Amino acid sequence: MKSAEEIFNLLKEKYNDGVKELVKQPIDAYITCDPLLINVISLFLMTHEDLLFDNLMILSGVDDANGKTVLVDGLKTIEGGTLSVYYHLESTKLRHKIVLRVSAPRENPEVESVSLIWHSADWHEREAFDLFGIKFLNHPDLRRILMPDDWEGHPLRKDYANPEFYLGIKVPY
Amino acid sequence: MGILDKQFDDNFIVTSVDDLFNWARLSSLWQLGFGLACCAIEMMATSASHYDFDRFGVIPRPSPRQADIIIISGTVTFKMAIRIKRLYEQMPDPKYIISMGSCSNCGGPYWEHGYHVVKGIDRVIPVDVYVPGCPPRPEALLEGLLKLQEKVRNESIVKKTA
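Heads up: the sequence lines are chains Y and V, in that order. Take the numbering used here: the final residue in the first sequence is number 317, and no numbers are missing along the way. Take the numbering used here: the final residue in the second sequence is number 303, and no numbers are missing along the way.
Encoded structure:
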């Protein structure tokens, strides 16, 4: 069993710039990482004999909404800032947990897929892509999972605006 | 009893075509076996022995081609609305729709922030009876069915009423 500091030190030693900081919180401390190295870091976390993170409990997308709010055609739009992905990991053998976080720029949110490392990530990444528009590089089948295939936009982004009509059905109340 | 009734021997009933057709239709409203959300649980409870939908002639059918009514029992998403429209179009006339619960009546709790919810199934297909509730109790659904039977009873095959 390893504490968050020990896990962070192991990662920092191995990946140096790819691992940024350890953010301490009352319950889940999280480690921020490089979105384009997350697949390599994940493989290390899963295979290292002192870590053995064999279970990705959940992968979630988050709109940090930390950019500037501007008006484009009368609609509030966020420019700049980041979209994030959180990974909640658990080792069922060593019984420790850790949270990883990667942040990608809002205009081109590209994150490496971890679905080949933990297969449970497959649909979670599709969900994050569907609702936040985060592109997971090297994902085997990245398409919408909840919304219809012809839906436009990503509904859980903070600046998402409902369309007036969808296939001739009025959308607003 | 009119004079006509006395013209025949026993076991003859004189009635109008409208009355006969309406009586047959309202007594065997076969429903499409179709549920969407928590309202569907109440609908299933209504079908079960305690409330016994069958005593009004309501039997769930697995195919839209054998169904007379469709009970929209739950939250209708845009993705599902397309499928519901298609099911409805596959049903033979005369066909009826009961909208069950707040979600399919008007969007319910998703009315403002539900980007994925159709704010009322009547934006997609024509509804005959709205049953309010979240979800409605089986008694409410039975009442909705009785209202629909009332509507069918007053229909005419020569005059279009709906």
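Virtual Cβ for every residue (Gly too), placed ideally from N, Cα, C. Since this is a predicted model, take the numbers as computed values, not measurements.
Around the beta-carbon of Q148/V, fewer than 16 other beta-carbon atoms lie within 10 Å, marking it exposed. Look at L286/V here: in three-state DSSP terms it is helix. With distances taken between CA atoms, V214/Y lies nearest to E223/Y out of R270/Y, N160/Y and E223/Y. With respect to chain V, the C-beta atom of I278/Y has no partner C-beta closer than 8 Å.
As summarised for the segment 249-297 of chain Y, the continuous alpha helix (DSSP H) elements at least 4 residues long and confined to that stretch are 265-276, given in chain order. Contacts between K314/Y and chain V, judged by CB atoms closer than 8 Å, involve K260 and R264 in chain order. For D207/Y, the three-state secondary structure derived from DSSP is strand. Beta bridge pairing from DSSP links L200/Y with L233/Y. Between S188/V and F197/V, the C-beta gap is not smaller than 8 Å, which leaves the two residues out of contact.
For Y159/Y, no beta strand (DSSP E) segment is defined; the enclosing uninterrupted segment is the alpha helix (DSSP H) at A148 to Y159. Interface flag for M291/Y against chain V is set, since a Cβ pair is found closer than 8 Å. Assignment of Y251/V by DSSP, reduced to helix, strand and coil, places it in the helix class. Assigned with DSSP and collapsed to three states, K292/V falls in helix. In summary, the residues of the segment 243-256 of chain V whose CB is separated from some CB of chain Y by less than 7 Å are G248, W252, E253 and Y256, in the order they occur in the chain.
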